[in-house]
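Undergrad: Residue numbers (numbering that gives the first Met the number 0): 0 to 243.
We put the beta carbon where it would ideally sit given N, CA and C, even for glycine.
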Amino acid sequence: MLNIENKVIAIAGASSGIGEATAKLLARNGAKVLLGARRTEKLEKIVEEIHASGGTAEFKAVDVTDREDVKAFIGFAKDKFDRVDVIFNNAGVMPLSPMNALKVEEWDNTIDVNINGVLNGIAAALPIMEAQGSGQIINTASIGAHVVVPTSAVYSATKYAVWAISEGLRQESKTIRVTIISPGVVETELGSDITDEPAKGFLKELRKDALNPDTIARAVLYAVSQPDDVDVNEVIVRPIRQMM
Numbered sequence: 000m001l002n003i004e005n006k007v008i009a010i011a012g013a014s015s016g017i018g019e020a021t022a023k024l025l026a027r028n029g030a031k032v033l034l035g036a037r038r039t040e041k042l043e044k045i046v047e048e049i050h051a052s053g054g055t056a057e058f059k060a061v062d063v064t065d066r067e068d069v070k071a072f073i074g075f076a077k078d079k080f081d082r083v084d085v086i087f088n089n090a091g092v093m094p095l096s097p098m099n100a101l102k103v104e105e106w107d108n109t110i111d112v113n114i115n116g117v118l119n120g121i122a123a124a125l126p127i128m129e130a131q132g133s134g135q136i137i138n139t140a141s142i143g144a145h146v147v148v149p150t151s152a153v154y155s156a157t158k159y160a161v162w163a164i165s166e167g168l169r170q171e172s173k174t175i176r177v178t179i180i181s182p183g184v185v186e187t188e189l190g191s192d193i194t195d196e197p198a199k200g201f202l203k204e205l206r207k208d209a210l211n212p213d214t215i216a217r218a219v220l221y222a223v224s225q226p227d228d229v230d231v232n233e234v235i236v237r238p239i240r241q242m243m
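What follows is the structure, encoded as structure tokens:
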């Protein structure tokens, strides 16, 4: 049997793509899921679908760049379900562009969402999990944490930071499981914020062989469902045709 039934799992970045697919899959397998994102109308619809399928789910608006907002999000899960077993820090942005385009505002936002958003999730969940004596922190990195290509310098830097933060936390933790999910090319809304036209075209070409978000959701399910003394540290999932 999967080690997942009745686990309380908070998912940031749950309004579409990987987050949405993961919430639905975990709920189907008996988890109690809390969905968070800024677009509450989408969250409400997803939660309604989970309820209709017999699952347990709640939602709460959260801006991962706001530390107090994330703390309130995790606090809501604790108040509602009396514990927090897993946080999935999945929110992210990917406004690819060459460095000489000098899109410095996009750089700042990428750092704020992709790095500070993860740190805010850790800061909110870690004290609760340490008090419980157990828990799991799952962070979405990327194949970009391992490979840099033109236009991905800032994005890859943020995802390498997520990898490094997760690995450091893993080494420090005796009771908390830490997992990095590093997807290759996936068909999601990630990259919809690209303003550089050549970079937009580059991503469109890559996505000709993209994975479905459900594939990454299954990787999360695998990591969460392992026995309590097993820590799946990193899962890299690529399309078979993706060479980098």
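Going by DSSP, name the residue or residues bridged to Arg82.
TA: According to DSSP, Arg82 bridges with nothing at all.
Undergrad: With distance defined between alpha-carbon atoms, name the residue in Val236, Phe80 and Pro94 nearest to Glu196.
TA: Nearest option by C-alpha distance: Pro94.
Undergrad: So what does DSSP say about Gln135, is it helix, strand or coil?
TA: Correct three-state label for Gln135: strand.
Undergrad: In the DSSP assignment, find the unbroken beta strand (DSSP E) run with Leu33 in it and report its ends.
TA: Leu33 -> beta strand (DSSP E) spans Lys31 to Ala36.
Undergrad: To test your reading of the DSSP string, which unbroken beta strand (DSSP E) runs of 3 or more residues are found completely within the region 168-221?
TA: Counting only runs of 3 or more, we get 175-182.
Undergrad: What did DSSP end up calling Asn88 once you bin it into helix, strand or coil?
TA: DSSP places Asn88 in strand when its eight states are reduced to three.
Undergrad: Which first and last residues belong to the beta strand (DSSP E) in which Val46 is found?
TA: Not the beta strand (DSSP E): Val46 falls in the alpha helix (DSSP H), residues Thr39 to Ala51.
Undergrad: Candidates Ile136, Ile142 and Asn211: which alpha carbon is nearest Val231's?
TA: Out of Ile136, Ile142 and Asn211, Ile136 has the C-alpha closest to the C-alpha of Val231.
Undergrad: Terminal residues of the continuous beta strand (DSSP E) containing Thr55?
TA: Residues Thr55 to Ala60.
Undergrad: Give every residue of the same chain whose Cβ lies closer than 7 Å to the Cβ of Ala100, excluding the five residues on either side of it in the sequence, and list them in chain order.
TA: The answer, listed in chain order, is Asp195.
Undergrad: Give the secondary structure of Val103 by DSSP, where H, G and I count as helix, E and B as strand, and everything else as coil.
TA: Here Val103 sits in helix by DSSP.
Undergrad: So Gly134 packs on Ala122, CB below 8 Å; how close in whole Å?
TA: The pair is not a contact, with the Cβ atoms about 13 Å apart (cut-off 8 Å).
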